[in-house]
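So in full-length UniProt numbering, spot 83 of the sequence shown is number 83, and the numbers just go up one at a time. Note that the Cβ used here is the ideal one computed from N, Cα and C, for glycine as well. Everything below concerns the one structure shown next.
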Amino acid sequence: MYCTDPGEVDHSTRLISDPVLLVGTTIQYTCNPGFVLEGSSLLTCYSRETGTPIWTSRLPHCVSEESLACDNPGLPENGYQILYKRLYLPGESLTFMCYEGFELMGEVTIRCILGQPSHWNGPLPVCKGTETCSPRRDQEQEMSNRWKGEIWRWLSSSQCSSSPYCWEEPTFTSPDVAITPTSACL
1 MYCTDPGEVD
11 HSTRLISDPV
21 LLVGTTIQYT
31 CNPGFVLEGS
41 SLLTCYSRET
51 GTPIWTSRLP
61 HCVSEESLAC
71 DNPGLPENGY
81 QILYKRLYLP
91 GESLTFMCYE
101 GFELMGEVTI
111 RCILGQPSHW
121 NGPLPVCKGT
131 ETCSPRRDQE
141 QEMSNRWKGE
151 IWRWLSSSQC
161 SSSPYCWEEP
171 TFTSPDVAIT
181 PTSACL
């Protein structure tokens with residue numbers, strides 16, 4: 001007893017253990033480079049108690065890697081990817097890092113999940129600034145207005161721990177004006 005030939009699979013090669021396709025024969029399908037196998041790569045002819053022998057699985061398909069791949073999701077602002085590629089096959093992972101002074105919020109690594117279409121198992125992470133304004137000793141500075149004969153004084157009292165991006169508007173005092181400061185880490 002034998003099985004009928006299940007046929008060729010586009011973009012693949014096959015290896016047949018017995019060209020007569022007797023019960024017990026196996027056919028191994030291998031996709032060509034640039035293609036991914038969908039389905040079982042190995043079919044075996046087996047005998048049923050009644051009727052004609054059949055194959056253990058349906059014929060697989062070889063699908064273009066690009067049609068199954070996840071597109072690169074891009075870079076987080078103030079971050080980068082380890083081993084950047086344009087396309088990732090299902091099962092492949094992508095790892096993110098943040099530049100110094102930023103902390104990764106979200107998953108460090110995301111994985112391409114097989115589907116129609118394939119998709120990432122999580123969103124692009126975010127790199128959030130870790131710099132905060134911190135108090136420091138007050139510095140009094142003085143500026144004179146030559147045109148009016150006034151002397152302006154201001155107090156600067158904050159800074160970022162290791163970054164020049166923290167800015168505090170100085171407090172100006174003069175006989176006529178007082179300005180309230182605002183501060184922010186930019």
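Inset, instruction - Check whether the Cβ atoms of T44 and T13 sit closer than 9 angstroms, and answer yes or no. - result: no
Inset, instruction - Using the Cα positions of I27 and S40, report the straight-line distance between them to the nearest angstrom. - result: 10 angstroms
Legend entry - Neighbourhood of M1 by C-beta distance below 8 angstroms, restricted to the same chain and skipping five residues each side: L22, V23, S47, T52, P53
Legend entry - Own chain residues within Cβ distance below 7 angstroms of E38, not counting five before or after: P60, H61, V63
Inset, instruction - Using alpha carbons as the reference points, say which of I110, E92, I16, D10 lies closest to C31. - result: D10
Inset, instruction - Please state if the CB of P90 and the CB of V108 are separated by a distance shorter than 9 angstroms. - result: no
Inset, instruction - Give the single residue among G79, L83, H119, E103 whose Cα lies nearest to the Cα of residue 211. - result: Residue 211 is absent from the structure shown; the chain starts at 1 and stops at 186.
Inset, instruction - Indicate the three-state DSSP secondary structure (helix, strand or coil) for Q159 in the structure shown. - result: Confidence in Q159 is poor, its pLDDT being 46 and thus under 50, which makes the residue's placement unreliable; the coordinate value appears in the next sentence. In the structure shown, Q159 sits in a strand (DSSP, three-state: E or B).
Legend entry - Inter-residue spacing [alpha-carbon to alpha-carbon] between F35 and A69: 11 angstroms
Inset, instruction - Write down the C-beta distance between F96 and Q81 rounded to the nearest angstrom, noting that I regard them as a contact closer than 8 angstroms. - result: 6 angstroms
Inset, instruction - Compute the distance between the beta-carbons of E66 and L87, then report whether it is under 9 angstroms. - result: yes
Legend entry - Candidates E92, Y29, W55, L42: closest to E8 by CA position: Y29
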